[in-house]
Structures are given as C-alpha cells and as structure tokens.
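Asker: Using the UniProt record's numbering, the first residue of the sequence shown is number 1, and each one after it goes up by one. C-beta atoms are modelled at their ideal positions from N, C-alpha and C, and glycine is treated no differently.
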Amino acid sequence: MVKQKGENYKMQSLRATGCHRAIFGIAFIGYMLSGVTLTSGMQCSGIYSSYRFDCHPEEGATQQECQRRGCCWLASKNLDEGVPYCFYPSDFPTYQMGSPQPTAFGYTVMLKRTTKSYYPNDVMQLQMDLCFETSYRLHFKIYDPKSKRYQVPVPTPKVSKRVPSTDYKVQFSRSPMGLIVTRRVDGTVIFNSTLSPLIFADQFLQLSTSLVTPYIYGLGEHRGRFRVASDWETYPMWSRDQPPHVGDNLYGVHPFHLGLEGSSGNSHGVFLLNSNAMEVVLQPAPALTYRTIGGILDFYIFMGPRSDQVVQQYTEVIGRPFMPPYWGLGFHLCRWGYGSSNRTLEIVKQMRAASIPQDTQWNDIEYAVGCKDFTVNNGPFAGLPELIGYLHSVGMHYIPITDPGISSTQPAGTYPPYDTGIAQDVFIKDSNGKPIVGRVWPGSTVFPDFFNNKTKSWWLDQIRDFHGKVPFDGLWIDMNEPSNFVNGSVNGCPQNSWNNPPYTPAIVGGKLSAMTLCPSATQAIGKHYDLHSLYGYSEAIATHEALVEIRHKRSFVISRSTYPGSGKYTGHWLGDNYSLWPDMAYSIAGILSFNLFGIPLVGADICGFNLNTTEELCQRWMQLGAFYPFSRNHNTLGAMDQDPTSFSQDMQTSTRKALQLRYSLLPYIYTLFHFAHTQGSTVARPLFFEFPGDPQLYDVDKQFMLGSAVVVTPVLEKGATNVTGIFPKGIWLGVYYGTHFQVDSTQPVTLPAPLNEINVHVREGRIVPLQLPSGGNPTTTTQYRQLAFTLLITRSDRSPGTGQLFWDDGDSLDTYESGNYLFVEFASNATTMNSTVVHDGYSGSQPVTVETIILSAVPRPVSQVTINGTAVPFHYSPDVQNVYVDKLKVPMQFNFYVKWEYQTQE
Numbered sequence: 001m002v003k004q005k006g007e008n009y010k011m012q013s014l015r016a017t018g019c020h021r022a023i024f025g026i027a028f029i030g031y032m033l034s035g036v037t038l039t040s041g042m043q044c045s046g047i048y049s050s051y052r053f054d055c056h057p058e059e060g061a062t063q064q065e066c067q068r069r070g071c072c073w074l075a076s077k078n079l080d081e082g083v084p085y086c087f088y089p090s091d092f093p094t095y096q097m098g099s100p101q102p103t104a105f106g107y108t109v110m111l112k113r114t115t116k117s118y119y120p121n122d123v124m125q126l127q128m129d130l131c132f133e134t135s136y137r138l139h140f141k142i143y144d145p146k147s148k149r150y151q152v153p154v155p156t157p158k159v160s161k162r163v164p165s166t167d168y169k170v171q172f173s174r175s176p177m178g179l180i181v182t183r184r185v186d187g188t189v190i191f192n193s194t195l196s197p198l199i200f201a202d203q204f205l206q207l208s209t210s211l212v213t214p215y216i217y218g219l220g221e222h223r224g225r226f227r228v229a230s231d232w233e234t235y236p237m238w239s240r241d242q243p244p245h246v247g248d249n250l251y252g253v254h255p256f257h258l259g260l261e262g263s264s265g266n267s268h269g270v271f272l273l274n275s276n277a278m279e280v281v282l283q284p285a286p287a288l289t290y291r292t293i294g295g296i297l298d299f300y301i302f303m304g305p306r307s308d309q310v311v312q313q314y315t316e317v318i319g320r321p322f323m324p325p326y327w328g329l330g331f332h333l334c335r336w337g338y339g340s341s342n343r344t345l346e347i348v349k350q351m352r353a354a355s356i357p358q359d360t361q362w363n364d365i366e367y368a369v370g371c372k373d374f375t376v377n378n379g380p381f382a383g384l385p386e387l388i389g390y391l392h393s394v395g396m397h398y399i400p401i402t403d404p405g406i407s408s409t410q411p412a413g414t415y416p417p418y419d420t421g422i423a424q425d426v427f428i429k430d431s432n433g434k435p436i437v438g439r440v441w442p443g444s445t446v447f448p449d450f451f452n453n454k455t456k457s458w459w460l461d462q463i464r465d466f467h468g469k470v471p472f473d474g475l476w477i478d479m480n481e482p483s484n485f486v487n488g489s490v491n492g493c494p495q496n497s498w499n500n501p502p503y504t505p506a507i508v509g510g511k512l513s514a515m516t517l518c519p520s521a522t523q524a525i526g527k528h529y530d531l532h533s534l535y536g537y538s539e540a541i542a543t544h545e546a547l548v549e550i551r552h553k554r555s556f557v558i559s560r561s562t563y564p565g566s567g568k569y570t571g572h573w574l575g576d577n578y579s580l581w582p583d584m585a586y587s588i589a590g591i592l593s594f595n596l597f598g599i600p601l602v603g604a605d606i607c608g609f610n611l612n613t614t615e616e617l618c619q620r621w622m623q624l625g626a627f628y629p630f631s632r633n634h635n636t637l638g639a640m641d642q643d644p645t646s647f648s649q650d651m652q653t654s655t656r657k658a659l660q661l662r663y664s665l666l667p668y669i670y671t672l673f674h675f676a677h678t679q680g681s682t683v684a685r686p687l688f689f690e691f692p693g694d695p696q697l698y699d700v701d702k703q704f705m706l707g708s709a710v711v712v713t714p715v716l717e718k719g720a721t722n723v724t725g726i727f728p729k730g731i732w733l734g735v736y737y738g739t740h741f742q743v744d745s746t747q748p749v750t751l752p753a754p755l756n757e758i759n760v761h762v763r764e765g766r767i768v769p770l771q772l773p774s775g776g777n778p779t780t781t782t783q784y785r786q787l788a789f790t791l792l793i794t795r796s797d798r799s800p801g802t803g804q805l806f807w808d809d810g811d812s813l814d815t816y817e818s819g820n821y822l823f824v825e826f827a828s829n830a831t832t833m834n835s836t837v838v839h840d841g842y843s844g845s846q847p848v849t850v851e852t853i854i855l856s857a858v859p860r861p862v863s864q865v866t867i868n869g870t871a872v873p874f875h876y877s878p879d880v881q882n883v884y885v886d887k888l889k890v891p892m893q894f895n896f897y898v899k900w901e902y903q904t905q906e
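#1: Work out the CA separation of residue 351 and residue 61 for me, nearest whole Å.
#2: Could you pull the DSSP bridge partners for residue 475 from this structure?
#3: Between the stretch 445 to 458 and the stretch 520 to 527, are three or more C-beta pairs nearer than 8 Å?
#4: To the nearest angstrom, report how far apart residue 164 and residue 175 are at their CA atoms.
#5: Could you give the distance in angstroms between the alpha-carbon of residue 267 and the alpha-carbon of residue 139?
#6: Could you compute how far the alpha carbon of residue 229 sits from the alpha carbon of residue 286?
#7: As a quick exercise: from 672, 529, 424 and 649, pick the residue whose alpha carbon is nearest that of residue 908.
#8: With distances taken Cα to Cα, identify the nearest neighbour of residue 528 among 498, 782 and 326.
#9: Name the one or two DSSP bridge partners that residue 855 has.
#10: Grouping DSSP H, G and I as helix and E and B as strand, with all else coil, what is residue 38?
#11: Assess, as a yes-or-no matter, whether the stretch 95 to 105 is touched by the stretch 243 to 263 under the definition of 3 or more beta carbon pairs within less than 8 Å.
#12: So residue 294 and residue 150 are supposed to be a Cβ contact under 8 Å. How far apart are they, rounded?
#13: Apply the 10 Å Cβ neighbour rule to residue 482 and answer buried if 16 or more other Cβ atoms are within range, or exposed otherwise.
#14: With hydrogens ignored, establish whether the beta-carbon of residue 904 is closer than 7 Å to any heavy atom of the ligand FAD.
#15: Taking only three categories from DSSP, how would you classify residue 469?
#16: In three-state DSSP terms, what is residue 58?
#17: Give me whichever residues DSSP pairs with residue 332 in a beta bridge.
#18: In terms of residue numbering, what span does the beta strand (DSSP E) encompassing residue 817 cover?
#19: Do you know how far the Cα of residue 611 is from the Cα of residue 247?
#20: Contact between the stretch 754 to 771 and the stretch 709 to 726 is defined here as three or more beta-carbon pairs at a separation below 8 Å; is this criterion met?
#21: According to the Cβ coordinates, are residue 559 and residue 633 closer than 8 Å?
#22: In angstroms with no decimal places, state the Cα-to-Cα distance between residue 900 and residue 726.
#23: DSSP on residue 688, reduced to helix/strand/coil?
#24: Could you work out which residue in 474, 535, 549 and 432 is closest to residue 493 when comparing CA atoms only?
#25: Measure the CB-CB distance between residue 923 and residue 549 and report whether it falls below 8 Å.
#26: Using a 10 Å radius around the Cβ and a threshold of 16 neighbouring Cβ atoms, would you call residue 506 buried or exposed?
#27: Where does the unbroken alpha helix (DSSP H) through residue 901 begin, and where does it stop?
#28: Tell me the start and end of each unbroken beta strand (DSSP E) in the stretch 496 to 566 that is at least 3 residues and wholly inside, in chain order.
#29: If we call anything under 8 Å between Cβ atoms a contact, is residue 108 one with residue 128?
#30: In the DSSP assignment, what residue or residues form a beta bridge with residue 875?
#31: List the whole-angstrom C-beta distance separating residue 733 from residue 794, where the pair is believed to meet the contact cut-off of C-beta under 8 Å.
#32: Counting C-beta neighbours from all protein chains within 10 Å, is the total for residue 894 16 or more, i.e. buried, or is it exposed?
#33: Kindly indicate which residue of 194, 688, 196 and 554 has the alpha-carbon position closest to the one of residue 814.
#34: Where residue 877 and residue 885 are concerned, what is the direct C-alpha to C-alpha distance, given to the nearest angstrom?
#35: Below 7 Å CB to CB, which residues in the same chain sit around residue 502 once its five sequence neighbours on both sides are set aside?
#36: Could you name the residues of the same chain whose beta carbon sits closer than 7 Å to that of residue 262, not counting the 5 residues immediately before and after it, in chain order?
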C-alpha cells in the first residue's frame, strides 16, 4: 500500500480493493481512505451532493449563518430534496488523533481539538477506547476522560482481556481523522468515520460513518417500511406517546441497525448505546450520521456474517429475550369499552360458544375507579374476581392494564399507592425537590422512579396487594414513555439547558418536554434528560420481577415503551394504530423490526385500535394477526365491537380456522421462542434471513417467516381475492389443504386468497411438530397441550430435512436453565426421518407421543412405511401427493426412525 500524506496508525492494513471503489467512487478514494486533504479550491466544489454532511441541521439555515460556522454554502434548485445547502468542507476543524496505545482489551487513543466548534461547551480532549471483546464483536467508546458523563445503565458484557483473533480489522486514520473497521475475510468496509468531522460538545455529539450498503433495517421505533429509506431520511428517537405516523418518533428507542451487504448475503450490525434524544440521518452516499444531545458515544459493531447471527450477537450484549409462558402465545382479546365485568364475561362465553380459540381476556383502564391504578370500580366491575375465577376454571388467563401515573389529588389516607409512595419517597422530583406533577387519565399524577430501589419495593407491594384482590396472570404496562397530557408538568418547566438544549433533534412537538416530563426532573441516578427513553425499560424490569416474586411462575408483561434490553423482561404491541388497510400492512414491518431489536413477542392491535373497523378488514386482519408472535385484538372506547363473535358466521368461521392453525403450530412457535431465549434468534423474520444473497427478497415486507420453515402471505388490500408473494426456489406446501407448488428460481407467485383463508406455506426440507385436533374444537392452550403430536415432514430433493422440538411444562421458571425440558432434533433425507432425543428432563404428567406423521410432496406412491423397522399402516393421497400415517403411539422421549419405500416403477 503506497503511503499517503498524513501518517495512518493501523493495526491491520486497509486494502485498496474494488469493494472500496464500489462504496465511495473512484474520485473519492484518496480523500475518503488515504488521508489526503483536498486543496483549498476543492474544499466545497469537489464534494458530491450525496456526500454532503449537514453543517446546519437546525431549521432556517442561511448562507450567512452557514459561513459563520466555517461551512460550505451551495444552494441549487437542481438538488434532490433533503440535500443540505450548508455542509462541511473537507478541512473543517476536528480532533487530532494521538498515537494508539495497546491495552489489555485492545487500544486506547487520545483525541484533541484546538479549534472550538459552533456548539457551546466543546469537550476539547477525548479518549477513545477499543475493546476486542469477541471475534465477532468490536466495542469502542468515545468519552471525556476528565469529567464523568452519563452512561446508559443497561448491563452489558464485561470482558477481562482482548480476544486473540477477530473477524474484523481496525485502522486508525489520522488525516482525515477517524476509525475504519473492515471485514477481515474480504475487506468490506463496515464502519468508516473519516467522512465527516467528529463533534463532541456537552449537549451535541455527532459522528458520521459510511455504509457499505443501502439495505439498512432497524433504527426504531418508527412507522414505515422494514427497509429504512436512505434518501436523506431523518429518524428521530425520543420515547413519545404518539399514534403511529410515518416519520414520527414513537414509543420506543432502538439505535441499532442491521446492514445487508448485498450479493454476498453477509450482514453486520451497529449499535449506539445512548439514551439521550437523538436522530439518525441516512443519505444516499450511502452514509449515516448520528446526532445525540448527551452521554457518550458508545458503539458496538457485530460482524455476523449471517443476519440471524447479527441479532444473536446483539442480544448477547443487551440481554436475551425472556421465555414466555405457553399460554401467552395463545390468542388474547381486549377492548376499552366493555363497560362492565359482566359484559367482558359475556364476550368470553360467546367466543367459547363459537369454538374460537382464546387463552387470555384483558381489561383496559375502565375497570379502575377514576382510572386510578390498583383499584376496582366496584359498580360495573364488581364481578371482576368472579370473571377471573371463571377464566381460570376453563384454563384461561386474565391481564389488566396498569399505568405508571399515580393519582396525587386524593384526600390523605384514602389512596394507599400515593400515600405510601410519598412516605417512601419513590416519585420523580421537579427542580425544587418535590414530586413532579403531570396530568394523565386519573387527573393530576406523579410518576414512580423505577431506577430507585425503594420504588421497586413499593411497586412490588402495590402489585402484591392488588393481586390479592384481582388474581391476574400478567400485566399490561401502558403510558410509560412516560406519557403526560401537559408539557413537562402542570407548572411548566424551568428555563435551563436541560429543558431547552442548544440543539433539539427532529422530534414530534419540537421540545423535549412535549407531552412528557420536564427533562430537568431528577431521578435516583440522574436527570430525566438522560433517562427519559429508559422509563418503560425500567418499569418493565420492576413489573417483571414483581410478577415472578408474587406468582412464582413466568411473568407475562406487555409494554408500550421499550429500549434495548427490554425484551429480557417484556413483549410489546405496536401502539395506537388505526382500523385502516395501510396500518395492517405496516404492522408486518413493525414485527420484523422488533425481532431485530430482541423483542420477539410483538404484535399489533388486530383490526385496529382507533376508528371503526369493517368486517372485511377485520377478517383479513384476524387472519394475519393469528400469526403475529403476540396475537391480540384490541380497540378503543366508543368504537364498534370488533371481537370475532360480533361479525357474521363466515367471519367467525375463517377466524376460527386461522386461530386453530396458530394453535396447531404452537409447538413449533414455542420452540422458536426457546431459541430466542437461549440464542437470541428471531421468531418472525424476513425472507432474506433464510435466503441470503437474493436481492429480490431485500425489500419484501408484505410477507414474513416464522422461523426457518413457515411463510405467511396475507391479503393486505381491500376486495382482493388473490395475493402475490415472492417465493424462493423450492417446494412450498400449503398448510390448509396440503397442496404444494414448486418454483425453480425466486419469483412472484400469485395465489388464490378467498376471503375465508390466509396463505401459509411450509418450506421444503423442514420437519414441523404440530398438535392437530383429531375431533372436537379445543379452544385453549391448556386443551391443545393434551393432544398428541403430528410430525409434518416436507420433502426436499436438494438438502437434508431438519426440525426441532423444545417441550416443557410451559409455565415454570427457568426450565431450560434447570434442565427440566425435552429437546428433540429431527433429520430426514429422501426416504428416512430420524428423531433424536438431545435432552430429556421433562417430567410432565401428559405423555409426549407422536400420533400422526405426514410425508408431504411425495412424488410417487409409497409401498411401505416402517417405524423402527416395523411396518405400519399408511394412506397415500395422489391428489396432494402426501402420505399419512396415523393412529400411532410413538413416545417422543425415545429415539425412533421412520423409513418409506417407493413403489417400483414399471
């Protein structure tokens, strides 16, 4: 490598390969990678529009103000929308890099600035530490070594020494200053921060990086397509109670993205561990800019290279998802507007009479007295204990809503949650040291500080006392952004830099205090300014721990606001959507994104929360929602009933059919959650996770996969009676009728989609455990778990078949960790299937037996089927080319093998 101007310190050489040229363009190789500074005449005019990095992200940029900052101004009517007029010249002052020094973890290097930026209170000296934590994970942070700054209190792995070998190479570039990370095997540039100057002021931190690909996924929580747009799009992050609209910052904050690198099929991930208000800007270079207004720059880079491995590596840092109870994967029903416990019970009984599967009934805030937490309106909801008793008697469960805002206007001694909270000093404080008062559903409210250990004990006491009156099985924690019906507090917010920082990202409302608390409010471990987007995360931990303590079983919590690591404690629903066709379509991108974020238990309000649904929309949405990882129908006060029994018999029949299929698939889906819990894998995933390197799949977000075997292709348009999906090469088995089709290469396939069904297909070469009712209409997981198993074996001519089953009692704590489970692996080829017990620690009372085996897409008649060498009766259906073997009693807790022989062709 020819040495260029400006010495580069490097651990490994960055090779000048064709990959670099593809990323940056030949004209920019020298500037971007080698450390050459452009001449003064080229500082502005030589920078392509797609490489302009915004020097005036605030609104109202002018030439005078831009140039006062020392930046380039080049306005033109011919520029694409979003291209900044004000942008950094190539020689804009930034930090100077010292010599990297080896450490036990990797390297440390000092960064010094001699010229101040245009934001107040620059940190003139920084330290950058690099930790080579694993072969696939690089961790680096940039911080002020002389002054303690806020760092996110989410536990992350601690390492004691540098890993000896890595899948990545790292180069320190002195001029232009920055860090360059490449994939070792092929030199692909994963991260390159030399493109734009680093700014690190007290309340404005900015760092840019090149992207190897425009195929970026994540950066949530936002409404939109699964693949995030890179044409000058800004993604603000600051937890906000906001019905989902494209472009808005929503309930959760997830500064993580997965980059799909193109035809190689490789992927990588980047995570910024920062919880302050921020925005991420993508531009078509492609490049990405992070802007945050506090904390430090704390990055993790994950090398994959497969997409699901990236998610596994990410969840290894933030925490693996919790293992839900089996009943939590059944169908849930709720609405705000039942009006009474009697009406709620009436709906439950209507669902059971219609034989529509349902496991859990919920109630919204109306059950409480004046919407106050931990109370029951003993008028219309006096029968709540009896409702719950009935649910439990038929194997069902109950979940109520709980908001964090605690009513603060009750007479002393009349509302224990407030009285004891004041006595124990558990609430967030205003600038005067008194509990900050906002306004939510009960009226004036105060807000528990869940980062205070005293608060967690107080919260446990409130939940325990309430559980003694209302024996619920899980909790729904809402309004925890935290939401506030006034800006900041009933008394406003003080005029200071916490509430009015020098820069505010492009958040809804334009102010940090909009519809939430004053950022200047104080919590046990710091300012709300820093901790705001962690509020739902902290409440989820306290709620999860309380439920485990009280029930001594797995907790089931669904939270609206989330942060990285929330999946360890809670699931999520996608918020206050609308009963509109586009909202249903967007929900798929939402569940795919949250699986990237390590929160696989996710779904949308089926049929929509706001507005009135229609029967056709609700019918199609019930079909789709039957395959959300978290499946719940819920709607708002004043809207029409939308539980399935409120519609026609045709609607009820199709809903029953879709939910019966979900329940039959639950052994498979439950196994996916086991892998999410133990390995960090996704449950719902895009097709490109399973078929990497196929560009036709990179934008597919109208279909999704459950694990590696099942593809769901819903109808998302009004009046449609067929649907087109993209199917990769192979044989695809339709689950409803057992028919199959084959494609020789990835291509669109148009499928019939009558109003009474949804297209669900199983991929070739997969062995899927099912529990199919052989008679009657079971409606709960309690009943389904009593059924024997069916093994669906899908033929493949190209590769061996695989499958797994994880089975435990479905509710006890830590069954995997304590070994109280059964794990079986299945493997097949053209004529055999082997079932191998990997672990047998399950001691449930119900035998785990295989009753039926289905061999799908068998190309010609079979002459014999044997199990462990003994011939068994079978039936071959030439119409669908399936072999059925039933009336078996094969114990799953012992190894067995199945063999089939084809009839001799004459």
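Answerer: Inspection of the coordinates gives the following:
#1: When the Cα atoms are used, residue 61 and residue 351 turn out to be separated by approximately 59 Å.
#2: 557
#3: yes
#4: 28 Å
#5: Taking the straight line joining both Cα atoms gives about 17 Å.
#6: 11 Å
#7: Residue 908 lies beyond the range of the chain shown here (1 to 906); nothing can be said about it.
#8: 498
#9: Per DSSP, 793 and 883.
#10: Confidence at residue 38 is low in this model, with a pLDDT of 27, below 50, so its placement is unreliable and no value can be given for it.
#11: Of all C-beta pairs linking the stretch 243 to 263 to the stretch 95 to 105, fewer than three are shorter than 8 Å, placing the two stretches out of contact.
#12: Yes, they are in contact, since the Cβ atoms of residue 294 and residue 150 sit about 6 Å apart, within 8 Å.
#13: buried
#14: The ligand FAD is absent from the structure shown, which contains no ligands of any kind.
#15: Correct three-state label for residue 469: helix.
#16: Here residue 58 carries a coil assignment [DSSP, helix/strand/coil].
#17: 360 and 632
#18: No beta strand (DSSP E) holds residue 817; the alpha helix (DSSP H) holding it covers 815 to 818.
#19: 21 Å
#20: yes
#21: no
#22: 32 Å
#23: helix
#24: Among 474, 535, 549 and 432, the Cα nearest to that of residue 493 is on 432.
#25: With the chain covering only 1 through 906, there is no way to say anything about residue 923.
#26: buried
#27: Not the alpha helix (DSSP H): residue 901 falls in the beta strand (DSSP E), residues 896 to 902.
#28: 557 to 559
#29: yes
#30: 884
#31: 5 Å
#32: exposed
#33: 554
#34: About 11 Å.
#35: 119, 120, 203 and 204
#36: The beta carbon of residue 262 sits closer than 7 Å to the beta carbons of 213 from its chain, once the five residues preceding and following it are set aside; these are given in chain order.
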